[in-house]
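Only one structure is covered here, and it is reproduced in the block below.
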Amino acid sequence: MKLVKYRNPMRKFDLRSDFDRFFDLSPPSFSRFGSIFDWGTQSEQPALDLYVDESNYYIQAEIPGYDRKEIEVQLERDRLVLKGSRKSTKAGVESEATFHRSVTLSENVKANAIGARYKNGILTVTVPKTEAEKARRIDIKN
Amino acid sequence: MNELANQPLKSEKNNSQGYYRPHYQIEEREDETVVWVELPGVAKDDLNLTLEKRDLILVAEASNHRPESWKVLHRESVDRTYRLRLHLGNYLDCEAIKADMQNGVLALTLPKAEAVKPRKIKIS
């Protein structure tokens, strides 16, 4: 029985760029010490992307290998929490993998109309803008 | 090094030309070897598997999972082309490879050749 695991180091978090005033991304916990201490946790902080179009914000997380039922998207006040856990047995060894990321939402979103879907290992959460936020676009004239 | 040579599957050491080697796990079972390859964002149609002699080559594109109208606010993921080359050991049956893609994970099932499967010997 052999289990070979390959983890690409490039998967690690890259530097946080300036991000939009609407979102406050939680830094991955323990990431600063991850290489020094073994915290005995399998929890992953998946790569997170934020996008916007005219009517919605979109949050995308790469979480391959989960079943839809193993993923939870929760709103805790203004904090949108993405988490999940899955058990698997490979080579007779049972293991559990979990992930956790969160994003703070601004007041300018319709918190009660958030939708989520999971396809090809990518979780997409759609956060609609409020009407006021949509109307805030200012045209620039010559 | 010796240990590597004894493994049923060998993957190429480095990824050149901007290819990205996906995470993968190998499980040895009694009569088959299963390889799980993590390919988030890859649809079944974007996956290309070819067999060159005893090399199994996987190429997959993971860049088209969002519409063009979306503007980027913050990105941690990267658009990438995955590439993985696995050399299959002699005792695997190349003709009987099965591939199954689910939730961004590809499961490759490689049965062992009949000749190396454990079999019972009758005592007369």
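The listed protein sequences correspond, in order, to chains H and P. Heads up, the first sequence is in this note's numbering, so the first residue is 15 and it goes up one at a time. Heads up, the second sequence is in this note's numbering, so the first residue is 320 and it goes up one at a time. We put the beta carbon where it would ideally sit given N, CA and C, even for glycine. These numbers come from a predicted model, not from an experiment.
Neighbours of P:L358 in chain H, taken as residues at a C-beta separation under 9 Å, are given in chain order as P78, N134, G135.
Comparing C-alpha distances from H:V117 to each of P:H393, P:Y410, P:I416 shows the shortest one belongs to P:H393. Under a criterion of Cβ atoms nearer than 8 Å, the residues of chain P adjacent to H:V66 are, in order, W389, K390, L392.
Residue burial is scored here from C-beta neighbours: P:V361 has at least 16 other C-beta atoms within 10 angstroms and is therefore classed as buried. Within chain P, the C-beta atoms nearer than 7 Å to that of H:A105 come from E346, E347, in chain order.
H:K124 sits in coil when the DSSP states are folded into three classes, being neither helix nor strand.
Contact between P:L429 and P:L407 holds, since their C-beta atoms are separated by about 7 Å, short of 8 Å.
Out of P:I376, P:E349, P:H342, P:P341, the CA that lies nearest to the CA of P:V435 is found in P:E349. Contacts between P:V424 and chain H, judged by CB atoms closer than 8 Å, involve P78, G79, G135 in chain order. By the CB criterion at 8 Å, P:L370 and P:A379 fall outside the cutoff. Your pair H:G79 and P:E395 does not check out as a contact, with CB atoms roughly 18 Å apart and the cut at 8 Å. In this structure, the beta-carbon distance from P:W389 to H:Y132 does not fall below 8 Å. Its chain contains W355 as the residues whose beta carbon lies nearer than 6 Å to that of P:Q344, once the 5 sequence neighbours on both sides are disregarded; these appear in chain order. If only complete runs of 3 or more residues are kept, the segment 358 to 430 of chain P shows the beta strand (DSSP E) at 366 to 371, 374 to 381, 390 to 393, 399 to 407, 417 to 421, 424 to 430, in order along the chain. When 9 Å is used as the limit between beta carbons, H:L62 is near these residues of chain P: H393, R394, E395, S396, in chain order.
As summarised for the segment 79 to 105 of chain H, the continuous beta strand (DSSP E) elements at least 3 residues long and confined to that stretch are 85 to 90, 93 to 104, given in chain order. In the displayed model, H:E108 falls within a strand according to three-state DSSP. Any Cβ of chain H closer than 8 Å to the Cβ of P:R385 would place that residue at the interface, and such an atom is present. P:V435 is bridged by DSSP to nothing; it lacks a bridge partner. Taking C-alpha positions only, H:P60 is separated from P:Y401 by approximately 18 Å. At a cut-off of 8 Å between C-beta atoms, P:A362 counts as an interface residue with respect to chain H.
The DSSP-derived three-state label of P:K441 is coil. Look at H:E68 here: in three-state DSSP terms it is coil, with no helix or strand label.
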